[in-house]
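Here the protein sequences come in this chain order: A and B.
Counting in UniProt numbering, the first sequence runs from 1 upward without gaps.
Counting in UniProt numbering, the second sequence runs from 1 upward without gaps.
Worksheet: the structure to be examined is printed underneath.
Protein chains: 2
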Amino acid sequence: MAPTSETLTAERILEATEEVLRRHGPAKATVVDVARALGVSHGSVYRHFRTKAALREAVTKRWLDRTSGELSGIAAGDGAPEARLRDWLAALFAAKRRKAGADPELFATYTVLTGENGTAVGEHITELTAQLTRIVRDGVESGAFASDDPEAAARAVFQATGRFHDPCYAREWEEPGAEADFTAVVDVLLRGLRA
Amino acid sequence: MAPTSETLTAERILEATEEVLRRHGPAKATVVDVARALGVSHGSVYRHFRTKAALREAVTKRWLDRTSGELSGIAAGDGAPEARLRDWLAALFAAKRRKAGADPELFATYTVLTGENGTAVGEHITELTAQLTRIVRDGVESGAFASDDPEAAARAVFQATGRFHDPCYAREWEEPGAEADFTAVVDVLLRGLRA
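The structure is reproduced here in structure tokens:
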């Protein structure tokens, strides 16, 4: 049944947008495509998203937020900072691998969209770095880590592990040595952070 | 003057191939294109490179070897391993930036070619990791670094600095914070290697 203007929420539109992207790839997912998929007028969609660009930005943000949402619990936990940092990086790697492996076409589509939506990506990286900063700061406070600038240290850790979360390495993630490579990089970074 | 069969060396063919790539992009650079540019028969080129694939692989290898050649002097030097590691990584970053910045179209062309020539890229990474391993091993011997497995440590350092040498980050290299980011990553890695 087509949604009415009362039941047509932004979330429902974004779900439909993802479904359109999944079926037709990144070239599609205009407001008109999405309205058609929902069986509503395009005016109803425009009430929530004023342009095609706004719609694509929002669906990209929603996709990225799913990952940062999964990780926020680890960042906010109260386990030992060193274990928490390792768990957080492993969870990020696992989430990206799962996204890339479970639905490679949708992943490729979102890789195109993230290339177009620099603001959503920038906010995502800011959010992830903030979570990492929280862990590093906890470690400095507990005496486990040494750092004059936990935010800069968190940014360095994030950048140094790019191979295990940046989509441009997605092809490497299923290579046999990927897990050992991840552990070796995290080991040297943790040694580098230790007080 | 067109080269004769005596003067037509593999190096001269590869120079001409690079020139063809520079002018026409990655879709060109067939044996016939290169023979035409040199004013020789394509048979003369085939005597050195039996297929278009072999020619493209060789020109990619030559391009990659220019970078590893520049760095080999640093790896083989006898300065303090910590300074040498930092210099080597900085020289790699500088070489890649210079290649990307000085001739972005040729860089983009070679980025396509490296995608096609996995063997040449694999050998290049093996060579660079061997140079890094030499520095790490010198550091372990001198007591500056601690590592049970210098080769694995070198591989981790290479992977952790991918942001500063992997072509998929070329767009980030001219960002204002790139130099500071590089220093922060290298600092934490060096701390992690220190005995």
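No residue lacks a Cβ here, since even glycine has one placed at the ideal position from N, Cα and C.
Using a cut-off of 8 Å between C-beta atoms, extract the partners of residue i located in chain A.
i: V188 (chain B); result: A153, A156, V157, A160, L189, G192, L193
Output yes if chain A places a C-beta closer than 8 Å to the C-beta of residue i; else output no.
i: D181 (chain B); result: yes
Using 8 Å as the threshold, is the C-beta distance between residue i and residue j below it?
i: V59 (chain A); j: L14 (chain A); result: yes
i: E82 (chain A); j: L190 (chain A); result: yes
i: I74 (chain B); j: D65 (chain B); result: no
i: F145 (chain B); j: R194 (chain B); result: yes
i: A100 (chain A); j: A170 (chain A); result: yes
i: G162 (chain A); j: R47 (chain B); result: no
i: P3 (chain A); j: R12 (chain A); result: yes
i: A130 (chain B); j: E57 (chain B); result: no
i: V31 (chain A); j: K52 (chain A); result: yes
i: E70 (chain B); j: A90 (chain B); result: no
i: H124 (chain A); j: S68 (chain A); result: yes
i: R22 (chain B); j: L106 (chain B); result: yes
i: Y110 (chain B); j: W173 (chain B); result: no
i: G192 (chain A); j: G143 (chain B); result: no
i: T114 (chain A); j: L55 (chain A); result: no
What does residue i touch in chain B if you count any residue whose Cβ is under 8 Å from its own?
i: V185 (chain A); result: A156, Q159, A160
Cβ closer than 7 Å: which chain B residues qualify as neighbours of residue i?
i: R163 (chain A); result: Q159, G162
Would you say the region 86–102 of chain B touches the region 31–39 of chain B, given that touching needs at least three Cβ pairs under 8 Å?
Between the region 86–102 of chain B and the region 31–39 of chain B there are fewer than three C-beta pairs closer than 8 Å, too few to call the two in contact.
Check whether the region 141–155 of chain A and the region 153–168 of chain B are in contact - that is, three or more C-beta pairs closer than 8 Å.
no
contact_flag[the region 175–183 of chain A, the region 179–188 of chain B] where n(CB pairs < 8 Å) is 3 or more:
Contact between the region 175–183 of chain A and the region 179–188 of chain B is absent, because fewer than three Cβ pairs lie under 8 Å.
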